[in-house]
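Notes to accompany the following structure.
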Amino acid sequence: MASSEQEINHLIANVALRIRQSLDLSDILPATAEGLRELLKCDRVIIYRFDPDGNGIVTVESVAESRWSLLDRVIKDPCFEESWNYKYRKGLVTAIADISAANIDECHREFLQKFDVKANLVAPILQGEKVEPQENNHLWGLLIAHYCQQPRQWQESDFKCIKQIANQVAIAIKQAELINQNYQELRQRKLAQQQAQQTYKFLQTIIEHLPVAVFVKDANPENFGEFQLLNPAIERIFGLDAYQALGKTVYDYFPFAQAEIFTQQDREAISQGKPLEILEESIYDKKLGNRIIKVMKIPIYNELHQPQHILGIAEDITARRQAEIELKQAKDELELRVAQRTQELQNAYQRLQQELSRREEAQIALQNSEASLRESERRWRSLLENVRLLVISLDREGKIDYVNPFLLELINYNLTEVTGKNWFTEFLSSEEQESAKAIHNQILQPSFSSSLYYQQKVIFPKSRTEKTIAWNCTQLRNTEGEAIGVICIGEDITEQQAIQKKKDEFVSVVSHELRTPLTSIRGALALLAEDKIDPQSEQGKHLLKIANSSTKNLVKLVNDLLELEHFESGTIELAKEQVNTNELMLRSVDRVQILANKAKVDIEIVESDINFQADCDRLIQVLTNLLSNGIKFSEPNSIITLSAVVQNLPSPSILFAVQDRGRGIPSDKLESIFERFNQVDASDSKTKGGTGLGLAISRNIIEQHGGKIWAESIYGEGSIFYFTIPTLKDEG
Ligand code: ADP
1 MASSEQEINH LIANVALRIR QSLDLSDILP ATAEGLRELL KCDRVIIYRF
51 DPDGNGIVTV ESVAESRWSL LDRVIKDPCF EESWNYKYRK GLVTAIADIS
101 AANIDECHRE FLQKFDVKAN LVAPILQGEK VEPQENNHLW GLLIAHYCQQ
151 PRQWQESDFK CIKQIANQVA IAIKQAELIN QNYQELRQRK LAQQQAQQTY
201 KFLQTIIEHL PVAVFVKDAN PENFGEFQLL NPAIERIFGL DAYQALGKTV
251 YDYFPFAQAE IFTQQDREAI SQGKPLEILE ESIYDKKLGN RIIKVMKIPI
301 YNELHQPQHI LGIAEDITAR RQAEIELKQA KDELELRVAQ RTQELQNAYQ
351 RLQQELSRRE EAQIALQNSE ASLRESERRW RSLLENVRLL VISLDREGKI
401 DYVNPFLLEL INYNLTEVTG KNWFTEFLSS EEQESAKAIH NQILQPSFSS
451 SLYYQQKVIF PKSRTEKTIA WNCTQLRNTE GEAIGVICIG EDITEQQAIQ
501 KKKDEFVSVV SHELRTPLTS IRGALALLAE DKIDPQSEQG KHLLKIANSS
551 TKNLVKLVND LLELEHFESG TIELAKEQVN TNELMLRSVD RVQILANKAK
601 VDIEIVESDI NFQADCDRLI QVLTNLLSNG IKFSEPNSII TLSAVVQNLP
651 SPSILFAVQD RGRGIPSDKL ESIFERFNQV DASDSKTKGG TGLGLAISRN
701 IIEQHGGKIW AESIYGEGSI FYFTIPTLKD EG
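Each residue of the sequence shown is one higher than the one before, starting from 1 at the first, in this note's numbering.
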């Protein structure tokens, strides 16, 4: 059933009225849907809005029965084709009278039937510059009328009606959106205003509390330089009242020349188009006096780049400048002082350095001289300590200052025992003390120049041994050259002197021994040579005999002496061989048999048959000498016994013994007879013949065999001469 023209107009007028009366879509749209459903007498009218993703939502509905409600359902028509979209954007209204019979896609049919749609009428809701249907308009949604109970043949008037209502809805939506947009803009503007106010307040608070003066001047030509804003600090810095100065210029407050300078600076800032900084500006104010300020002038332009304001920020730097000046003065003064002090320190350092190097040089020189002194002292000490010479130093009184170890060793004392003792009284024999003191004093004389040599017999109290020392003495001086004592270097010549003495004695004995036969020979030969005695006469023959025997004696003496000398100098070598005791004894007796016969002395051999190693001739020489001595000192008819036995103690050897029963030897001579020319009685060699060297030679021979020789005797009863020959192999 078609709606009448009148009814349609009425509905449209209603809708339009609502739109004018209310700007609220939630009020307009449901009423519109309701009105349209009533008008079309359909079961459901919905307003369907497309989402940007292609889906859609039922935003408004009017249903005859609640079972047909689709409100707030998100619906997507899977068969919605682009061609529909195109048609709708052109503002076309589509209608299907009977869904089940219509010539449409099966898919679309199924979709519609799902929502109980039997017939539908669809009009687009478009949005754009103009609400009239246009291709480039935006398809906001659809206004849809459904028959859910039976199909419906749509009338021309239905098309017209839904289209007009859809247009009204579009107008309402657009209007609502505009209103919403305006509302949003209004809100934003209000918000911005609030923010601006807050910012302004915030800035004002800051400016008011800034410690620097802030002022804003008008930069428009007609009001150029008029104060538009000043903060309270302006009073403290420029002496202006922030409130009263508004609308005034610098000419109202400062002398003309000063005001001109300020204005000139403002113009300069504007003309250069960037902030102008005046680092230092001297100003004068009656109230505040002279001050130094620092100012920044910032030009502010409008969007047409016309100068609007000059923002000034000024700071009073009087105190700072003053402090800087004072600081600089203090710094300069300090620098000056530092420089002076540095110079002083450098000078002192140089002096110190010079002093140090002077001291160092002196130290090195001292060390060098000390070192060389120490070295020389060390050398001297080492020399004195090690030299095999006797060194002693005495003070002026003759007290011992120093003795070297060699002297201490000789006298068997230690240093502390002798230091400080008087040398003359403690160590010299009484007969030498005076002469030694005299020499000591002589050396101490200032005129004394060289060293003095003299000898001294020194008695060493510990051993009471007497030593003869040859001293070489000289003066000991201090650094001033004064004699402070005497130093002597000595040599122990005791042994040398003894040897010399022995030599002298030997020479005198030998010359005596030589002289005796020589005198006899010379006397006899002289008598014969002077023809005083006929050599053929008995007396002559006797003299020749004497000369001959003396010559023999002389030759023997010389030979013995030479032999002894050879033994003592070690030039005689033994010719050792196997010898037999019996053979040795027999051969020796043979040699002296004539002499024994003459003296009517018997020689008895105690037989023994021992073989051993020895120089056969030399042992015969020893045995012969002992036998001939025994014969010489025996009375006629006495017996000499010769024996040789083996003995094991103290070491294996052959012990020979020659025993006579003659004169015997005093016990004090038993040892000395073995020395050369030593006799029991001085006349022995004269009366008994012999050189006095026999026993000395014998001792040499035996000792060279490694044996010993000695004599035992009971004076008046006879003597036994023993000697041993070791039978061990040569030790060497
Ligand atoms: P000489 O060749 O003069 O005998 P010796 O050296 O053999 O020299 O003897 C030294 C001295 O020893 C002798 O002059 C003598 O006084 C003494 N003398 C040596 N043998 C005996 C002895 N058997 N009895 C006593 N006196 C002796």
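Glycine included, every Cβ here is placed at the ideal spot set by N, Cα and C.
Heavy atom of the ligand NAP within 6 Å of residue i beta-carbon
{"i": "Ser672", "result": "The ligand NAP is absent from the structure shown, which contains only the ligand ADP."}
Terminal residues of the beta strand (DSSP E) in which residue i lies
{"i": "Arg291", "result": "289-301"}
{"i": "Asp241", "result": "Note, Asp241: premise wrong, no beta strand (DSSP E); not H, not E."}
{"i": "Phe80", "result": "Segment: none, Phe80 is in no beta strand (DSSP E) and carries neither H nor E."}
{"i": "Arg267", "result": "First-last for Arg267: 256-272, but that is the alpha helix (DSSP H), not the beta strand (DSSP E)."}
{"i": "Thr468", "result": "465-477"}
{"i": "Val658", "result": "653-659"}
CA-to-CA distance, residue j to residue i, given in whole angstroms
{"i": "Tyr183", "j": "Gln164", "result": "28 Å"}
{"i": "Asn290", "j": "Ala245", "result": "21 Å"}
{"i": "Asp43", "j": "Gln181", "result": "35 Å"}
{"i": "Leu63", "j": "Asn120", "result": "In the sequence as presented, Leu is not what sits at residue 63; that position holds Val. So the two alpha carbons sit approximately 14 Å from each other."}
{"i": "Thr275", "j": "Gln264", "result": "Position check: residue 275 holds Pro in this sequence, whereas Thr was assumed. Those two C-alpha atoms are separated by around 14 Å."}
{"i": "His440", "j": "Val486", "result": "7 Å"}
{"i": "Ala529", "j": "Ser628", "result": "35 Å"}
{"i": "Asp730", "j": "Gly570", "result": "Here the model assigns Asp730 a pLDDT of 46, short of 50, so the residue's position is not dependable, and the following value carries that caveat. About 17 Å."}
{"i": "Ala614", "j": "Glu703", "result": "12 Å"}
{"i": "Lys462", "j": "Asn422", "result": "16 Å"}
{"i": "Ile443", "j": "Glu431", "result": "20 Å"}
{"i": "Pro151", "j": "Ala102", "result": "10 Å"}
{"i": "Ala711", "j": "Ile605", "result": "19 Å"}
{"i": "Glu491", "j": "Glu417", "result": "22 Å"}
{"i": "Gln445", "j": "Leu389", "result": "26 Å"}
{"i": "Pro535", "j": "Leu544", "result": "7 Å"}
{"i": "Gly732", "j": "Lys708", "result": "Low per-residue confidence applies at Gly732: pLDDT is 36, beneath 50, and the placement is therefore not dependable, though the value from the model is reported in the following sentence. C-alpha separation (whole angstroms): 18 Å."}
{"i": "Gly718", "j": "Asn678", "result": "19 Å"}
{"i": "Ile8", "j": "Glu34", "result": "13 Å"}
{"i": "Lys556", "j": "Glu565", "result": "14 Å"}
{"i": "Ser357", "j": "Leu366", "result": "14 Å"}
{"i": "Leu17", "j": "Leu25", "result": "13 Å"}
{"i": "Asp252", "j": "Leu229", "result": "16 Å"}
{"i": "Leu586", "j": "Gly706", "result": "23 Å"}
CB contact flag (residue i, residue j, <7 Å)
{"i": "Tyr88", "j": "Leu139", "result": "yes"}
{"i": "Gly630", "j": "Asp660", "result": "yes"}
{"i": "Tyr147", "j": "Lys174", "result": "no"}
{"i": "Leu623", "j": "Ser588", "result": "yes"}
{"i": "Ile57", "j": "Val45", "result": "no"}
{"i": "Thr468", "j": "Lys457", "result": "yes"}
{"i": "Ala470", "j": "Ile493", "result": "yes"}
{"i": "Thr724", "j": "Leu655", "result": "yes"}
{"i": "Ala575", "j": "Ala547", "result": "no"}
{"i": "Asn611", "j": "Ser698", "result": "no"}
{"i": "Phe227", "j": "Lys248", "result": "yes"}
{"i": "Asp105", "j": "Cys79", "result": "yes"}
{"i": "Ala170", "j": "Ile206", "result": "no"}
Where residue i falls: helix, strand or coil (DSSP)
{"i": "Thr641", "result": "strand"}
{"i": "Asp730", "result": "Unreliable positioning characterises Asp730 in this predicted model, as indicated by a pLDDT of 46, which lies under 50. A coordinate reading is not provided."}
{"i": "Arg189", "result": "helix"}
{"i": "Gln168", "result": "helix"}
{"i": "Cys42", "result": "coil"}
{"i": "Leu304", "result": "coil"}
{"i": "Phe723", "result": "strand"}
{"i": "Phe406", "result": "helix"}
{"i": "Asn648", "result": "coil"}
{"i": "Ser608", "result": "coil"}
Where the alpha helix (DSSP H) containing residue i begins and where it ends
{"i": "Asn9", "result": "5-21"}
{"i": "Tyr349", "result": "318-386"}
{"i": "Arg618", "result": "616-632"}
{"i": "Glu417", "result": "415-418"}
{"i": "Thr425", "result": "423-427"}
Short CB-CB distance (under 7 Å) between residue i and chain C
{"i": "Ala436", "result": "Considering every chain present, this structure includes no chain C. It has just one protein chain."}
Which full runs of the alpha helix (DSSP H) of 4+ residues lie inside the stretch 686-710, going along the chain? 694-704
Can you check the stretch 432-462 for any beta strand (DSSP E) of at least 3 residues that lies completely inside it and give the ranges in chain order? 452-460
At 4 residues or longer, and completely inside the stretch 88-152: list those alpha helix (DSSP H) runs for me, N to C. 106-114
Ignoring anything shorter than 3 residues, give me the beta strand (DSSP E) runs that lie fully in the stretch 507-590, in order along the chain. 577-580
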